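Novice:
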Amino acid sequence: MRSFAFHRPSTLYEMSALLGGVADSMPLAGGMTLLPTIKQRLAAPAALIDLSKIPQMAGISFKDDVLTIGAMTRHVDVAESELVRGKIPLLASLAAGIGDPAVRNRGTIGGSVANNDPSADYPAAVLALDAIVVTDRREIAADAFFRGLFETALEPGEIIIALRFPVPSAGGYAKFKSPASRYAVVGVCAAKKAGKVRVAVTGAGPGVFRVGAMEAALEGSFTPGAVAAIKVSSENLSSDIHADAEYRAHLVTVMAKKAIAAALQTL
Amino acid sequence: MSNIIGIGAAPRRKEDFRFLTGRGNYVADVKRADMTFGVFIRSQHGHAVIRGIDRTAALAMPGVEAVLTGDDVAADGLGSLPCGWGIHGSDGLPMKEPAFPMLAQGKVRFVGDMVAFVIADTLELARAAAEAVVIDYDVLPAVVGVLEAVRPGAPQLFDDVPNNLCCDWELGDKAAVTTAFRKAAHVARLSLVNNRLIGNPMEPRAAIAEYNGGTGHYTLWTTSQFPHVVRFLMSALVLKIPEQKVRVVAPDVGGGFGVKQFHYGEEAVITWAAKRVGRPVKWVADRSEGFVSDRHGRDHVTEAELALDENGKFLALKVVTLANMGGYLSTFGPNIPTNLYGPLLGGVYTTPAIYCNVKVVFTNTVPVDAYRGAGRPEATFVVERLVDVAAKEMGIDRVELRRRNIIPKEAYPYQTPVLVEYDSGDPMGCLEGALVAADVAGFAERKTASERDGKFRGLGYSTYVEACGLAPSRFAGRLGARGGLYESATVRVHPTGQVTVLIGTHNHGQGHETTFAQIVSEKLGVAFDNVDIVFGDTDRVQFGMGTYGSRSLVVGGAALSKASDKVVVKGKKIAAHLLEASEQDIQFEAGVFSVAGTDRSKTFQEIAGAAYVPHDYPLEILEPGLEEQAYYDPVNFTYPGGCHIAEVEIDPETGIVTLEKYTAVDDVGTVINPMIVEGQLHGGIVQGVGQALYENAVYDDVSGQLLSGSFMDYTMPRADHLPNMTIKTHSTLCTHTPMGVKGCGEVGTIGSPAAVINSVVDALSHLGVMHVDMPATPNRIWRVIQNAAMPQAAE
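Respectively, the protein sequence lines represent chains A and B. Everything in the first sequence is counted per this note's numbering, starting at 49 for the first residue and increasing by one. Everything in the second sequence is counted per this note's numbering, starting at 54 for the first residue and increasing by one.
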């Protein structure tokens with residue numbers, strides 16, 4: 049690790065000024081990706097801007113059928129929140145299954161969504177729940193936010209403040225986790241709201257994506273059986289030493305069934 | 054005397070207090086005044102010619118002491134890293150033994166090969182300077198797999214090693230095997246891969262060295278399982294400095310599993326560098342560095358055939374293996390897939406004829422050497438898988454086929470056709486015990502329950518034996534060992550009667566401080582708390598070969614037992630004088646010397662006091678003091694073994710294998726501390742389960758990059774992968790070790806991979822599956838199921 053300056057702003061204004069003004073600076077949320085990257089000398093920012101003391105980025109609230117989670121909320125806090133468990137239980141169980149206790153005690157929802165790791169859990173929920181990504185500049189719909197491998201709609205210096213999740217009538221998340229890293233080899237999130245169903249898949253490809261055929265089938269019948277025969281093509285899916293593309297394609301169907309079953313359990 | 058805690062007791066481990074309270078002293082904890090920090094620059098290429106190294110920019114950085122390269126090593130006339138075993142091929146010629154320079158010279162041969170060593174005032178500075186060193190490579194095609202490496206036209210690692218073949222080794226009676234196969238009613242055949250593993254001890258390797266310019270003494274602290282051997286190899290063969298001027302200290306070491314039982318180039322470089330820069334030099338590997346530099350294990354490709362008569366009696370076994378050595382010969386490298394493999398192919402069976410051919414092959418990968426079990430898990434896997442294949446093909450129950458071929462208890466000592474003679478054992482007893490302990494009778498019901506849930510359930514057996522307690526030196530010497538394999542212990546009785554043991558084995562998790570104290574407590578009647586065990590320092594301990602091959606109790610414990618007996622012999626002489634009796638009339642029991650048939654006695658403490666304050670003492674015939682030393686060289690290996698039974702459930706939809714039950718009934722000879730034995734079994738089994746289901750070191754076959762180079766991609770077994778295990782012992786006593794012990798450090802790792810894979814194959818047997826390679830990952834199992842289902846789908 050190279051040495052770097054450390055700033056801890058306490059207002060959004062101060063944060064923006066630092067991010068804009070300090071050359072070669074990077075925002076620090078939970079640091080679960082950034083810090084190992086720096087330690088391995090793959091990144092060498094001159095300064096880190098720690099986001100942990102900005103009040104707008106903390107806390108979980110519920111209003112008008114929307115659950116708002118501050119970007120700096122740790123996975124463990126989402127997993128243990130009575131509010132989250134009551135309103136969108138799939139989010140709590142998803143958070144409880146991220147990484148290991150050390151990661152959950154440090155990692156944040158905003159950091160995970162901004163990083164958009166192709167195997168991260170949260171992007172599937174953000175996309176399936178049709179969440180709004182609130183930044184220090186604007187609000188971005190989930191469908192417009194994720195742009196493939198580690199790419200998002202965020203502009204340089206733009207910071208996620210919170211995630212707004214409309215409460216679905218039913219929803220579930222199921223992941224086939226890597227036995228090594230505990231990332232999603234394939235994770236499927238399915239959610240139903242006002243008759244519409246969204247199915248989002250993480251881990252399987254270079255970025256989170258929706259499966260239209262499953263969504264249509266589930267709008268007809270929100271049951272595991274509805275997706276059992278729907279296969280996704282393996283053509284654009286990832287292949288690595290843990291799972292080849294065909295296996296991942298197969299797992300999308302298996303995990304979709306499990307996600308629906310989980311959704312029905314919470315009804 | 055009170056608080057005697059002897060053989061068979063299960064006290065809590067003495068060493069755990071300091072570990073659990075953060076008071077261990079590891080190499081990374083060692084700090085020396087004015088020390089510098091070193092960073093190794095390692096090859097990023099699997100195979101490349103080094104065209105040039107430009108260190109100008111790095112050396113210009115303030116605080117950078119030195120940048121050392123292979124040229125400096127050559128200029129100082131330093132030796133190659135030695136290989137401790139010289140094996141011979143079937144042609145009678147010695148193995149090809151290319152030089153293994155401590156810093157690469159001219160060429161790099163694996164990703165992680167050391168190219169330069171950068172020394173600076175701080176670690177950060179050393180890292181920055183390492184980035185400033187410019188290395189010009191000419192990248193060559195790499196070859197990582199054994200099958201590819203021996204093909205014509207394959208990239209050649211060494212100019213003088215044609216076809217990358219280090220040695221074409223064989224064992225056994227080829228003609229007898231050929232004849233037996235001709236007469237066979239059935240031949241079972243199997244092709245298999247024994248997957249490459251990375252040991253990953255919790256503590257990464259580390260070293261710190263210091264040179265005293267006044268005395269010419271060197272001190273090296275290193276994460277080693279055998280500090281005396283490091284001292285000898287490094288001083289005599291690599292650095293060519295006086296052995297008596299080198300002290301090697303291996304303090305608390307956080308796990309070894311074989312990874313730390315080699316003399317590594319880092320140790321020699323750091324010791325050499327400490328003198329060159331005139332300041333202590335410290336290096337601590339990070340985990341990523343460990344993945345590409347800790348010696349790897351296993352990596353075999355094997356074709357095996359078993360010939361049987363019409364009743365299922367084994368007639369002969371033929372095994373042809375290609376074993377990966379990696380880029381160079383490590384300390385024990387060529388010994389592992391040959392001498393520790395072929396002689397174990399007899400297993401627990403009466404197979405009369407065995408032939409084994411092993412081609413030992415260089416590739417552009419990390420050198421391969423001993424990893425817990427070392428050769429014996431590979432042999433067990435071949436034999437136990439083949440037995441299951443034969444049973445299936447002949448329609449004979451797997452247990453019944455084993456019963457028909459197991460060596461009966463009465464037949465011991467049993468000479469196998471592959472060198473070794475088993476002194477004792479009762480594999481049938483272990484099998485019968487395990488059948489009960491694993492509730493095999495209830496398996497059918499459990500299988501039905503799994504099927505109701507849409508799951509497949511399987512049961513797998515491994516009835517196995519291993520050879521450990523390494524090793525009888527004379528025997529090992531005939532097989533190519535270049536050193537002895539005895540062990541030494543000193544029992545130093547203090548004037549108080551309290552005891553310090555100086556022993557040449559090394560404790561890095563095995564609980565020696567407890568087990569050895571129990572032996573002394575039992576033998577001398579000294580309180581368990583009054584015995585301290587010292588190890589890991591060549592300036593304190595006389596000599597030792599260290600800890601590996603399940604040898605510490607078997608060989609080191611035997612030396613300790615003998616030294617303790619010598620203390621009693623001398624104590625009796627002292628007691629005879631003090632009690633005015635003849636030596637023959639002195640009895641010793643539970644810490645008291647007494648005259649037979651009288652109430653006259655002296656405690657062990659009183660005798661010790663007399664030995665050190667010899668006012669009333671037979672000085673004419675006896676030296677003062679009470680300290681005895683023994684060296685012990687075993688007459689044979691020991692042969693622990695047993696029966697392991699694994700039970701798995703497979704989810705056909707995902708391919709996930711869940712280990713539901715695990716039962717082990719092992720014969721480890723005399724048990725000194727049952728808690729420690731059970732712990733060794735747990736750990737060993739988990740490592741075997743790791744090989745069977747999770748762990749796999751994978752290289753990119755074009756670039757030679759290690760694809761599983763971190764815990765993100767190398768799957769370690771975790772607590773949530775494992776069920777509670779049933780561990781039992783069914784012991785016969787070793788006939789030649791002083792206490793009847795056989796060793797237990799590796800049995801778990803040796804017996805378990807075959808048991809697990811046999812259970813996986815059993816679960817899939819209704820699909821016609823005959824074999825599944827390790828690790829049985831979900832993707833692999835799903836593939837196997839898909840492929841098995843495919844012909845049916847086509848109908």
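Glycine residues also receive a C-beta, built at the ideal position from the N, C-alpha and C atoms. Computed from a prediction, not measured in an experiment: that's the story for all the values here.
1) At the level of alpha carbons, what is the spacing between residue 660 of chain B and residue 595 of chain B?
2) Could you give the first and the last residue of the continuous beta strand (DSSP E) run that contains residue 336 of chain B?
3) What is the residue span of the alpha helix (DSSP H) that residue 496 of chain B lies within?
4) Hey, quick one: how far does the beta strand (DSSP E) through residue 410 of chain B stretch, first residue to last?
5) Please list the segments of the beta strand (DSSP E) lying wholly inside the segment 536-578 of chain B, counting only runs of 3 or more residues, in order along the chain.
6) Please list the terminal residues of the continuous alpha helix (DSSP H) segment that includes residue 325 of chain B.
7) Touch check for the segment 106-117 of chain B and the segment 282-296 of chain B: three-plus C-beta pairs under 8 angstroms?
8) So the beta strand (DSSP E) residue 209 of chain A belongs to, where does it begin and stop?
9) In this structure, how does DSSP classify residue 136 of chain A when only helix, strand and coil are distinguished?
10) Taking 6 angstroms as the line, does the beta carbon of residue 582 of chain B fall inside it for any heavy atom of the ligand SAM?
11) Going by DSSP, which residues form a beta bridge with residue 682 of chain B?
12) Could you give the distance in angstroms between the alpha-carbon of residue 123 of chain A and the alpha-carbon of residue 572 of chain B?
13) Whole angstroms is fine: what's the gap from residue 226 of chain A's alpha carbon to residue 120 of chain A's?
14) Closest to residue 680 of chain B by C-alpha separation, out of B:657, B:623, B:114, would be which residue?
15) Do residue 171 of chain B and residue 262 of chain B have their C-beta atoms within less than 7 angstroms of each other?
16) To be precise: take each residue of the segment 83-96 of chain A, compare its Cβ to all Cβ atoms of chain B, and keep it if any distance is under 8 angstroms. Which residues remain?
17) Assuming residue 608 of chain B contacts residue 522 of chain B under a Cβ cut-off of 8 angstroms, what Cβ separation, rounded to an integer in Å, is found between them?
18) Does the CB of residue 228 of chain A have a neighbour CB from chain B at under 7 angstroms?
19) Give the list of continuous alpha helix (DSSP H) stretches no shorter than 4 residues that lie fully inside the segment 235-315 of chain B.
20) Identify which residue in B:818, B:765, B:470 has its Cα closest to the Cα of residue 705 of chain B.
21) Which chain B residues are close to residue 55 of chain A, counting only those with a beta carbon under 8 angstroms from its beta carbon?
22) Go through the segment 410-460 of chain B residue by residue and report every complete run of the alpha helix (DSSP H) that reaches 4 residues or more, in order.
23) For residue 181 of chain B, does the count of other Cβ atoms within 10 angstroms reach 16, so buried, or fall short, so exposed?
24) Does DSSP put residue 783 of chain B in a helix, a strand or coil?
25) So residue 766 of chain B contacts chain A; which residues on that side make the cut at Cβ distance below 9 angstroms?
26) Select from the segment 745-763 of chain B all residues with a C-beta closer than 8 angstroms to any C-beta belonging to chain A, and list them in chain order.
27) Could you tell me which residues DSSP puts in a beta bridge with residue 122 of chain A?
28) Compare the C-alpha of residue 278 of chain B against each of B:266, B:327, B:95, B:557 and name the closest.
29) In angstroms, rounded to a whole number, what distance separates the CA positions of residue 750 of chain B and residue 566 of chain B?
30) Going by DSSP in three states, residue 729 of chain B sits in which element: helix, strand or coil?
31) Would you check if the segment 184-193 of chain A and the segment 80-94 of chain A touch, i.e. whether three or more CB-CB distances between them fall below 8 angstroms?
32) Between which two residues does the alpha helix (DSSP H) carrying residue 167 of chain B extend?
33) Can you say whether residue 14 of chain A is buried or exposed, counting buried as having 16 or more other CB atoms within 10 angstroms of its CB?
34) Cβ closer than 8 angstroms: which chain B residues qualify as neighbours of residue 275 of chain A?
35) Under 6 angstroms Cβ to Cβ from residue 143 of chain B, same chain only, skipping five residues before and after it: list those, please.
36) Report all residues from its chain with a CB closer than 6 angstroms to the CB of residue 591 of chain B; omit the five preceding and five following residues, and keep chain order.
Specialist: Inspection of the coordinates gives the following:
1) The residue given as residue 660 of chain B occupies position 607 in the second sequence. The residue given as residue 595 of chain B occupies position 542 in the second sequence. One C-alpha to the other measures close to 25 angstroms.
2) For the purposes of this step, residue 336 of chain B is identified with residue 283 of the second sequence, where counting begins at 1. Note, residue 336 of chain B: beta strand (DSSP E), 334-337.
3) As a first step, residue 496 of chain B must be located in the second sequence, where it is residue number 443. That run of the alpha helix (DSSP H) goes 496-505.
4) One-based indexing of the second sequence puts residue 410 of chain B at position 357. Start and end: 406-415.
5) 540-546, 552-556
6) On the second sequence, position 272 is the one that residue 325 of chain B refers to. For residue 325 of chain B, the enclosing alpha helix (DSSP H) begins and ends at 318-330.
7) no
8) Taking the first sequence and counting its residues from 1, one reaches residue 209 of chain A at position 161. It spans 208-214 - the beta strand (DSSP E) in which residue 209 of chain A sits, taken as one unbroken run.
9) As a working mapping, residue 136 of chain A is identified with position 88 in the first sequence. Assignment of residue 136 of chain A by DSSP, reduced to helix, strand and coil, places it in the coil class.
10) No copy of the ligand SAM occurs in the structure displayed, which carries no ligand at all.
11) Taking the first residue of the second sequence as position 1, residue 682 of chain B is located at position 629. DSSP output for residue 682 of chain B lists B:543 as bridge partner(s).
12) In the first sequence, residue 123 of chain A corresponds to position 75, counting from 1. In the second sequence, residue 572 of chain B corresponds to position 519, counting from 1. Their backbone Cα atoms lie some 51 angstroms apart in a straight line.
13) One-based indexing of the first sequence puts residue 226 of chain A at position 178. One-based indexing of the first sequence puts residue 120 of chain A at position 72. Rounded to whole angstroms, residue 226 of chain A to residue 120 of chain A spans 26 angstroms at the Cα level.
14) The count along the second sequence starts at 1 and reaches residue 680 of chain B at position 627. Per the Cα distances, B:623.
15) Within the second sequence, the letter at position 118 stands for residue 171 of chain B. Within the second sequence, the letter at position 209 stands for residue 262 of chain B. Taking the C-beta atoms as reference points, residue 262 of chain B is found no nearer than 7 angstroms to residue 171 of chain B.
16) 88, 89
17) Counting from 1 along the second sequence, the entry for residue 608 of chain B is found at position 555. Counting from 1 along the second sequence, the entry for residue 522 of chain B is found at position 469. 6 angstroms between Cβ atoms; contact.
18) The residue given as residue 228 of chain A occupies position 180 in the first sequence. Between residue 228 of chain A and chain B, the shortest Cβ-Cβ separation is below 7 angstroms.
19) 280-285
20) As a first step, residue 705 of chain B must be located in the second sequence, where it is residue number 652. The option with the nearest alpha carbon to residue 705 of chain B is B:818.
21) Within the first sequence, numbered from 1, the residue matching residue 55 of chain A stands at position 7. What residue 55 of chain A touches in chain B: nothing, since even the nearest Cβ is about 21 angstroms away.
22) Fully enclosed alpha helix (DSSP H) runs of 4 or longer: 429-447, 451-458.
23) Stepping through the second sequence from its first residue, residue 181 of chain B is reached at position 128. It counts as buried.
24) On the second sequence, residue 783 of chain B is found 730 positions in, with the first residue counted as 1. Coil at residue 783 of chain B, not helix or strand.
25) Numbered from 1 along the second sequence, position 713 holds the residue referred to as residue 766 of chain B. Those within 9 angstroms of residue 766 of chain B in chain A are 226, 228, 229, 288, 289, 290.
26) 747, 749, 751, 760, 761
27) Position 74 of the first sequence, counted from the start, is the residue given in the question as residue 122 of chain A. According to DSSP, residue 122 of chain A bridges with A:156.
28) Residue 278 of chain B sits at position 225 when you count from the first residue of the second sequence. When each option's Cα is compared against that of residue 278 of chain B, the closest is B:557.
29) Locating residue 750 of chain B in the second sequence gives position 697, where the first residue counts as 1. Locating residue 566 of chain B in the second sequence gives position 513, where the first residue counts as 1. In a straight line, the C-alpha of residue 750 of chain B is about 34 angstroms away from that of residue 566 of chain B.
30) Translated into positions along the second sequence, residue 729 of chain B becomes position 676. Residue 729 of chain B falls in the helix class under three-state DSSP.
31) no
32) In the second sequence, residue 167 of chain B corresponds to position 114, counting from 1. Residue 167 of chain B -> not in any alpha helix (DSSP H); beta strand (DSSP E) instead, spanning 167-173.
33) Past the edges of chain A, shown from 49 to 315, lies residue 14 of chain A, and the structure says nothing about it.
34) Taking the first sequence and counting its residues from 1, one reaches residue 275 of chain A at position 227. Those within 8 angstroms of residue 275 of chain A in chain B number zero; the least Cβ separation is about 13 angstroms.
35) On the second sequence, residue 143 of chain B is found 90 positions in, with the first residue counted as 1. Hits under 6 angstroms: 221, 223.
36) As a first step, residue 591 of chain B is located in the second sequence; it is residue number 538 there, counting from the start. Closer than 6 angstroms at the Cβ level, and outside the excluded window around residue 591 of chain B, lie 280, 281, 284, 300, 301.
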